[in-house]
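> Have a look at this one before I ask anything.
There are 2 protein chains.
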Amino acid sequence: MVVLRLPSLSSLFSPSAAISRRFPEVLRSRHHVRRFSGVSAQSTAEKEASPETEPVRVAAQKDRIEDQSVTPRSQDFNAWYLDVIANAELADYGPVRGTMVIRPYGYAIWEAIQDYLNVKFKETGHSNMYFPQFIPYSFIEKEASHVEGFSPELALVTIGGGKELEEKLVVRPTSETIVNHMFTQWIHSYRDLPLMINQWANVTRWEMRTKPFVRTLEFLWQEGHTAHATPEEAEKEALQMIDVYTKFAYEQAAIPVITGRKSKVETFAGAVRTYTIEAMMGDRKALQAGTSHNLGQNFSRAFGTQFTDENGQRQHIWQTSWAVSTRFIGGIIMTHGDDAGLMLPPKIAPIQVVIIPIWKKADEKTGVLNAASSVTEVLKSANIKVKVDDSDQRTPGWKFNFWEMKGVPLRIEIGPRDVSSGSVVISRRDVPGKQGKVFGISMEPSILVAYVKDKLDEIQSSLLERATSYRDSNIVDVSSYDELKEAISQGKWARGPWSASDAEELRVKEETGATIRCFPFEQPQGMKTCLMTGDPAEEVALFAKSY
Amino acid sequence: MVVLRLPSLSSLFSPSAAISRRFPEVLRSRHHVRRFSGVSAQSTAEKEASPETEPVRVAAQKDRIEDQSVTPRSQDFNAWYLDVIANAELADYGPVRGTMVIRPYGYAIWEAIQDYLNVKFKETGHSNMYFPQFIPYSFIEKEASHVEGFSPELALVTIGGGKELEEKLVVRPTSETIVNHMFTQWIHSYRDLPLMINQWANVTRWEMRTKPFVRTLEFLWQEGHTAHATPEEAEKEALQMIDVYTKFAYEQAAIPVITGRKSKVETFAGAVRTYTIEAMMGDRKALQAGTSHNLGQNFSRAFGTQFTDENGQRQHIWQTSWAVSTRFIGGIIMTHGDDAGLMLPPKIAPIQVVIIPIWKKADEKTGVLNAASSVTEVLKSANIKVKVDDSDQRTPGWKFNFWEMKGVPLRIEIGPRDVSSGSVVISRRDVPGKQGKVFGISMEPSILVAYVKDKLDEIQSSLLERATSYRDSNIVDVSSYDELKEAISQGKWARGPWSASDAEELRVKEETGATIRCFPFEQPQGMKTCLMTGDPAEEVALFAKSY
Numbered sequence: 001m002v003v004l005r006l007p008s009l010s011s012l013f014s015p016s017a018a019i020s021r022r023f024p025e026v027l028r029s030r031h032h033v034r035r036f037s038g039v040s041a042q043s044t045a046e047k048e049a050s051p052e053t054e055p056v057r058v059a060a061q062k063d064r065i066e067d068q069s070v071t072p073r074s075q076d077f078n079a080w081y082l083d084v085i086a087n088a089e090l091a092d093y094g095p096v097r098g099t100m101v102i103r104p105y106g107y108a109i110w111e112a113i114q115d116y117l118n119v120k121f122k123e124t125g126h127s128n129m130y131f132p133q134f135i136p137y138s139f140i141e142k143e144a145s146h147v148e149g150f151s152p153e154l155a156l157v158t159i160g161g162g163k164e165l166e167e168k169l170v171v172r173p174t175s176e177t178i179v180n181h182m183f184t185q186w187i188h189s190y191r192d193l194p195l196m197i198n199q200w201a202n203v204t205r206w207e208m209r210t211k212p213f214v215r216t217l218e219f220l221w222q223e224g225h226t227a228h229a230t231p232e233e234a235e236k237e238a239l240q241m242i243d244v245y246t247k248f249a250y251e252q253a254a255i256p257v258i259t260g261r262k263s264k265v266e267t268f269a270g271a272v273r274t275y276t277i278e279a280m281m282g283d284r285k286a287l288q289a290g291t292s293h294n295l296g297q298n299f300s301r302a303f304g305t306q307f308t309d310e311n312g313q314r315q316h317i318w319q320t321s322w323a324v325s326t327r328f329i330g331g332i333i334m335t336h337g338d339d340a341g342l343m344l345p346p347k348i349a350p351i352q353v354v355i356i357p358i359w360k361k362a363d364e365k366t367g368v369l370n371a372a373s374s375v376t377e378v379l380k381s382a383n384i385k386v387k388v389d390d391s392d393q394r395t396p397g398w399k400f401n402f403w404e405m406k407g408v409p410l411r412i413e414i415g416p417r418d419v420s421s422g423s424v425v426i427s428r429r430d431v432p433g434k435q436g437k438v439f440g441i442s443m444e445p446s447i448l449v450a451y452v453k454d455k456l457d458e459i460q461s462s463l464l465e466r467a468t469s470y471r472d473s474n475i476v477d478v479s480s481y482d483e484l485k486e487a488i489s490q491g492k493w494a495r496g497p498w499s500a501s502d503a504e505e506l507r508v509k510e511e512t513g514a515t516i517r518c519f520p521f522e523q524p525q526g527m528k529t530c531l532m533t534g535d536p537a538e539e540v541a542l543f544a545k546s547y
Numbered sequence: 001m002v003v004l005r006l007p008s009l010s011s012l013f014s015p016s017a018a019i020s021r022r023f024p025e026v027l028r029s030r031h032h033v034r035r036f037s038g039v040s041a042q043s044t045a046e047k048e049a050s051p052e053t054e055p056v057r058v059a060a061q062k063d064r065i066e067d068q069s070v071t072p073r074s075q076d077f078n079a080w081y082l083d084v085i086a087n088a089e090l091a092d093y094g095p096v097r098g099t100m101v102i103r104p105y106g107y108a109i110w111e112a113i114q115d116y117l118n119v120k121f122k123e124t125g126h127s128n129m130y131f132p133q134f135i136p137y138s139f140i141e142k143e144a145s146h147v148e149g150f151s152p153e154l155a156l157v158t159i160g161g162g163k164e165l166e167e168k169l170v171v172r173p174t175s176e177t178i179v180n181h182m183f184t185q186w187i188h189s190y191r192d193l194p195l196m197i198n199q200w201a202n203v204t205r206w207e208m209r210t211k212p213f214v215r216t217l218e219f220l221w222q223e224g225h226t227a228h229a230t231p232e233e234a235e236k237e238a239l240q241m242i243d244v245y246t247k248f249a250y251e252q253a254a255i256p257v258i259t260g261r262k263s264k265v266e267t268f269a270g271a272v273r274t275y276t277i278e279a280m281m282g283d284r285k286a287l288q289a290g291t292s293h294n295l296g297q298n299f300s301r302a303f304g305t306q307f308t309d310e311n312g313q314r315q316h317i318w319q320t321s322w323a324v325s326t327r328f329i330g331g332i333i334m335t336h337g338d339d340a341g342l343m344l345p346p347k348i349a350p351i352q353v354v355i356i357p358i359w360k361k362a363d364e365k366t367g368v369l370n371a372a373s374s375v376t377e378v379l380k381s382a383n384i385k386v387k388v389d390d391s392d393q394r395t396p397g398w399k400f401n402f403w404e405m406k407g408v409p410l411r412i413e414i415g416p417r418d419v420s421s422g423s424v425v426i427s428r429r430d431v432p433g434k435q436g437k438v439f440g441i442s443m444e445p446s447i448l449v450a451y452v453k454d455k456l457d458e459i460q461s462s463l464l465e466r467a468t469s470y471r472d473s474n475i476v477d478v479s480s481y482d483e484l485k486e487a488i489s490q491g492k493w494a495r496g497p498w499s500a501s502d503a504e505e506l507r508v509k510e511e512t513g514a515t516i517r518c519f520p521f522e523q524p525q526g527m528k529t530c531l532m533t534g535d536p537a538e539e540v541a542l543f544a545k546s547y
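Protein chains in written order, with the UniProt record's numbering: chain A, 1 to 547; chain B, 1 to 547.
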C-alpha cells in the first residue's frame with residue numbers, strides 16, 4: 001500500500017534515515033530569507049563610522065560568516081544537495097510522495113536547456129509535436145522487454161468521469177508505444193521516411209526511491225522519436241543525438257560527460273543499443289544524464305509499423321528514441337556546486353550578472369542607483385542576462401550570500417566611491433574571496449561589456465576544466481577485479497577491459513555496488529585482457545556507483 | 001462504463017450521427033497525399049507543348065479543380081473543420097477516446113502562440129514554473145464550487161507501482177488547489193507579494209463530447225496564478241491578463257474577440273468574477289477563447305493561505321488565474337478557414353511564404369532551383385519564415401493546393417521565364433485566383449523583401465477586417481425576448497439589456513440554446529431596459545450558441 005503523506009513532508013524524497021534526519025533542516029531552510037540578517041543596506045551602513053574603509057563591504061563580510069546555512073558538501077553530500085535546492089529556491093516538494101514543484105529559478109535553468117536543445121533538434125531536422133499522455137494498457141504489453149522494464153513503475157488511471165474504465169490507462173512513462181501506434185498510420189512508403197519528431201512533455205514513473213531532479217515520480221523531459229528505412233540510418237541518428245547531448249553537456253553545462261554504449265544489462269527496455277552520457281557528480285557517483293536508443297525493429301515488429309520500400313517490398317521501419325530530462329539540473333547542481341551553494345555555468349545561468357548597489361547615506365542612494373541602472377542597460381543591450389538587486393530590505397552582505405547561493409557567475413558592486421571614479425567592482429562566483437574580486441573596472445560601456453563577456457567566457461571554461469580534472473583524477477585504470485573493487489571502495493570510477501558475461505556484470509554490482517556505466521567511445525589502443533576472466537577483450541568498460 | 005474503442009477511430013470525436021458519417025472521409029483524407037495527383041512537376045511539364053503559354057501553370061489549374069477534397073464549409077461546417085484538420089495535417093486522433101495527437105504543423109501554431117504570450121507574461125512580471133500534475137483528491141474537495149464544477153470530469157489514478165493507492169490522485173484539470181497548497185508554504189508576509197507565476201502544461205478533463213482542439217480529454221495550455229495583498233491588485237491583474245489575451249487575439253491571430261465579464265451562471269468554478277474573450281466562428285457559434293479569473297479569497301480561505309500585512313495583521317491573499325489553451329488553434333481554423341482549407345494570419349503562420357519552383361525541361365531545373373534558393377536566403381535574412389517545396393514527387397498544381405490547404409499566406413512561383421526576367425509571381429492565400437496574383441515582382445532583394453513584408457501586413461489587416469465585418473454583420477441588437485429568439489434562430493448573436501435572474505438566464509438557454517457569452521466591456525451609453533423583465537438594466541449582454 002502506497003501511503004500518501006499529507007501534509008507532512010518527512011521522508012518524501014528519500015528512504016534513508018540519514019536523509020530523513022536532514023528534513024527539519026530542509027524545512028527550516030524554506031524560510032531561509034528570514035534566517036539571514038534582516039537589516040537594510042542603509043541602516044547597516046549608517047552604523048559604520050569611517051568613510052575611508054568601505055564600511056558596507058566590511059559589514060557584508062561579517063554577515064556572510066554568520067549566515068552560513070548550507071550543510072558543508074564534504075560533511076554530507078546529500079544533505080548539502082537538498083539544502084542547495086531549498087536555499088537557491090530551485091524546487092520544493094509536491095504534496096504527493098516523490099513529486100516536485102519546480103520553482104521559477106529552477107525552471108529558468110530548464111528553459112535554458114530547452115532553448116539550446118530545441119534549436120539543435122530543429123537544425124538536425126526534427127519537428128516538435130505532442131502525443132497524448134494516456135496510453136491503453138494493452139500497448140505497454142506489446143513489446144516484451146518494454147513491459148518487463150516499465151510495468152513495475154506504472155501509474156494507472158482506472159476512473160474517468162466518475163466511471164470505472166473498461167481498459168486501464170497508463171500515464172506515459174515514455175512514449176514509444178503510442179508513437180508506434182501513430183507511426184503505423186502515418187508511414188506507408190519510403191517517401192514518408194525518415195520521420196523525425198520530438199516532444200517536450202511530462203512523464204510519470206512510480207519510483208520508490210526519489211530525490212529532487214534526479215529521480216521524481218513525475219518529471220519533465222524531451223523525447224525524440226525517429227523512423228528510418230534502414231538500420232544504418234537509425235544507427236547514424238542514434239549516434240547523432242548522443243553527440244548533440246555530449247556537446248550540450250560540455251559546451252553549455254560545462255559537464256565533461258563520458259559518452260559511450262551501455263552494456264546489454266543496462267540497455268533501455270526495448271532497445272537494441274543504448275548510448276549514454278555519464279557525468280561524475282561531486283561525490284563521485286555517476287549520473288546518467290542523457291540517453292539515445294537504437295530501437296532496431298523491436299517496436300515496429302510489435303506494432304506492425306511497416307513501409308513499402310523502393311522495390312515495392314513491405315519492411316518494418318528502423319527506429320530511435322532519445323531523451324534528456326529535468327534530471328540534468330540535478331547534474332548541474334552536483335557537478336559545480338560548493339559550500340556557498342549553486343554555481344552555474346554562464347551559458348545556462350538565468351542571471352549571468354547580478355548588480356548590488358551599495359549606499360551609506362540617503363544622498364548617495366540616487367547616484368548609486370542611477371549608476372546601477374545605467375550599467376544594467378549597457379549589459380542588457382549586449383545580451384548579457386543581468387539583474388539589479390536594489391531592495392531596501394536586505395544588507396549588501398545578505399545579498400552577496402543570496403546570489404552566491406543562486407550561483408550567479410558574476411557580481412558587480414557599485415558604491416558611492418565607484419560612482420565618483422566611474423568604475424565598478426566585479427567578483428567571480430567561482431573564485432572565492434579577494435582572489436576573485438577586481439576593483440576599478442571602468443563603467444565605459446565598451447570596456448565594461450568586453451570585460452564582462454571575457455570573464456563569463458573564462459568562468460565557463462574554468463568550470464569545465466575544473467570538472468574535467470576532478471573527473472580524471474577520480475578514474476582509475478584497473479586490470480583485475482581486485483583493483484576494480486579497490487577503486488570502487490575508494491569511491492572512484494574504475495576503467496578496465498571487459499568481455500565477461502552478464503552474470504559476471506551482475507556479480508560486480510552485487511559485490512561492489514558498481515555497474516558498467518558505459519563502454520566509452522574513446523578507447524585505448526592495443527590488445528586487452530578482460531579484468532574478470534583473463535579472456536581477450538575488445539573494449540574497456542567504465543564501472544561506478546551511480547544515482 | 002466508458003468504452004475505449006481501439007483501434008477503431010469511428011465516433012472518437014463527436015457524438016452526432018452527421019459527424020460519424022464523416023469519419024470515413026477523415027480516415028481517407030489521412031492519406032490525402034496519395035489522393036492528390038501524383039505526377040511529378042517535371043513529367044507534367046514535359047507533356048506540355050507550347051513554350052509560350054506557361055504550360056505548367058495551366059496544368060496546375062487543372063489539378064486544382066480535380067483535387068478538391070474538403071467538404072465545402074457552407075455544406076457542413078463541422079465536416080469541413082475535421083477535413084481541414086486532417087488535410088492540413090494539424091492533428092490526428094489518439095488511441096484513447098477524445099484524445100488528440102498534435103502533429104508538427106499544428107504544434108508549430110501552438111509554438112507561435114507560446115512565443116508571443118511567453119514574452120508578454122514575462123514583461124508583465126510573471127515567472128514560469130512547474131507544479132506536479134497529480135493532486136490529492138482531498139484538495140479538490142476543499143473549495144465547494146470548485147469540486148462541484150470539476151468532479152464530474154476527473155481522471156483518477158488509483159494504482160501506482162502495482163499497488164492500490166490509499167488516496168486517489170486527480171490528474172490535474174486545473175491547478176488552483178495545488179497552487180494554493182504551495183502558496184501557503186511560500187507566502188508569509190506582504191513582502192512575499194505579489195507572487196506571479198505561470199505554467200505551460202497538459203491538463204485532463206473527462207469530457208463526453210469532444211472535438212479536436214476545441215474540447216479534448218487532454219489538452220495543452222498555460223495557466224497563470226497570482227497572489228496579491230489587496231482585492232484591487234487582484235482585480236487589476238485579472239483585467240491586465242484579459243487585456244493581454246485580447247491584444248493577442250486581435251494583433252496576432254486576427255480574431256476580433258469581444259471581451260467582457262461572464263454572468264454569474266457562467267463564472268469559473270471557484271472564481272468571484274470571470275473575464276472572457278469570445279470569438280465568432282465561421283458558423284457563427286461563439287468560442288470562449290481565453291479567460292481570466294478574479295478568485296477573490298475563495299481558494300485562500302479554503303487552503304488557509306495567509307500573509308502578515310504591513311500592520312502585522314494576518315489576512316487571506318487575493319488571487320487570480322488565467323488561461324489560454326490549444327483550443328485557440330480551433331478558433332483560428334474556424335475564424336479564417338475557407339473551402340480551400342486553413343488560412344493563417346501571417347503573424348502566427350509557421351510558414352509565411354512558400355516558394356514553388358516550376359520547371360519544364362531538365363536544363364531549366366538548375367536555374368529555377370538556384371533562383372528559388374537565393375530568394376529563400378534573401379527572405380530568411382529578413383526574418384521571414386519561408387519554405388521551398390522543390391520535391392520532384394508532385395506537380396506544381398498539387399503543391400499549390402497543398403500549401404493553400406495549409407493556409408500559408410503568400411506563395412512565390414518561380415519559373416524559367418521568371419528567372420530570365422529576374423522577377424517572381426506572388427499569390428495571396430486570402431485573395432483567390434487571378435485577383436490575388438501579381439506577376440513581375442523584382443527579385444532584387446530590397447524590392448522583394450519590402451513587397452513581401454508589405455503584403456504580409458496587408459493580409460494580417462485584411463483577415464482582421466474581414467472577420468470583424470463578419471462578426472458585426474451577425475450581431476443583432478435586441479430589446480425583447482422575442483427579438484432575441486428570432487436572432488438566435490437565425491444563427492446570429494443577440495445583444496440586449498439584461499438585468500434578469502439566473503433562472504431567466506437558464507430559461508433562455510433551455511429555450512434557445514444560447515447562453516450569455518459576456519457582458520461586453522464596451523457598452524452603449526444611456527438608460528436601458530431589460531429585454532426579459534422590462535426592469536432597468538445597467539448593461540447589455542451578448543447571447544449566442546457556443547462551442
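Using N, Cα and C, we set each Cβ at its ideal position, and we do this for glycine too.
Just so it is clear, the structure is predicted and the values come from calculations on it, not from any experiment.
Hey, is residue 297(B) close to the ligand GTP, as in C-beta under 8 angstroms from one of its heavy atoms?
What this structure holds is no ligand at all, so the ligand GTP is not there to describe.
> Is the beta carbon of residue 156(B) closer than 9 angstroms to that of residue 142(B)?
No.
> In the DSSP assignment, what are the bridge partners of residue 293(A)?
BP columns for residue 293(A) point to 274(A), 321(A).
> Can residue 254(B) and residue 345(B) be called in contact, C-beta distance under 9 angstroms?
For residue 254(B) and residue 345(B), yes; Cβs fall inside 9 angstroms.
> Check for me: the alpha helix (DSSP H) holding residue 78(B) runs from which residue to which?
77-87 is the extent of the alpha helix (DSSP H) around residue 78(B).
> For residue 28(B), I'd like the list of residues in its chain whose CB is within less than 6 angstroms of its CB, leaving aside the five on either flank, ordered along the chain.
Note that residue 28(B) has pLDDT 32, beneath the 50 cutoff, so the model's placement of it is unreliable and no number is given.
> With H, G and I counted as helix, E and B as strand and the rest as coil, what does DSSP make of residue 173(B)?
Reduced to three states, the DSSP call for residue 173(B) is coil.
> With residue 443(A) and residue 423(A) assumed to form a contact (beta carbons below 8 angstroms), what rounded beta-carbon distance in angstroms separates them?
With 8 angstroms as the limit, residue 443(A) and residue 423(A) qualify as a contact, their Cβ atoms being about 6 angstroms apart.
> At 9 angstroms on the CB atoms, spell out the chain A contacts of residue 95(B), in chain order.
Those are 132, 134, 135, 136, 139, 178, 181, 182, listed as they occur along chain A.
> Can you list, in chain order, the residues of its chain whose CB lies under 6 angstroms from that of residue 337(A), leaving out five sequence neighbours each side?
Excluding positions up to five away in sequence, the list reads 84, 343.
> Is residue 456(B) buried or exposed, if buried means 16 or more other CB atoms sit within 10 Å of its CB?
The residue is buried, with at least 16 neighbouring Cβ atoms inside 10 Å.
> Quick one: which unbroken alpha helix (DSSP H) runs of 4-plus residues sit fully inside the segment 354-431 of chain B? Chain order, please.
DSSP runs (the alpha helix (DSSP H)) wholly in the segment 354-431 of chain B: 362-381, 396-405, 416-421.
> Could you check the C-alpha separation between residue 140(B) and residue 539(A) for me, to the nearest Å?
About 56 angstroms.
> Note down, in chain order, every chain B residue with its Cβ under 9 angstroms from the Cβ of residue 333(A).
Those within 9 angstroms of residue 333(A) in chain B number zero; the least Cβ separation is about 17 angstroms.
> Flag this pair as touching only if the segment 234-252 of chain B and the segment 291-308 of chain B have three or more C-beta atom pairs under 8 angstroms; answer yes or no.
Contact holds: three or more Cβ-Cβ distances are below 8 angstroms.
> Would you verify that the beta carbon of residue 107(A) is, or is not, closer than 9 angstroms to some beta carbon of chain B?
Closer than 9 angstroms to some Cβ of chain B, the Cβ of residue 107(A) qualifies, so yes.
> Going along chain A in order, which residues have a C-beta closer than 7 angstroms to the C-beta of residue 103(B)?
Correct list: 129.
> Taking 8 angstroms as the threshold, find out whether the segment 261-272 of chain A comes into contact with the segment 206-224 of chain A through three or more Cβ pairs.
No: the two stretches stay apart, fewer than three of their Cβ pairs being nearer than 8 angstroms.
> Looking only at C-alpha atoms, which of 368(B), 251(B), 194(B), 145(B) sits nearest to residue 458(B)?
Residue 458(B) has its Cα closest to that of 251(B), out of 368(B), 251(B), 194(B), 145(B).
> State the Cα-Cα distance for the pair residue 81(B) and residue 334(B), rounded to the nearest angstrom.
Each residue's alpha carbon lies about 7 angstroms from the other.
> For a contact defined as C-beta to C-beta under 9 angstroms, what are the partners of residue 152(B) on chain A?
Within chain A, the residues near residue 152(B) are 161, 162.
> Where do the ends of the alpha helix (DSSP H) carrying residue 189(A) lie?
Unbroken run through residue 189(A): none, as it is neither H nor E.
> By Cβ distance below 7 angstroms, which residues in the same chain neighbour residue 126(B) in space, the five residues on each side in sequence not counted?
Excluding sequence neighbours, residue 126(B) sits near 196, 197, 198, 224.
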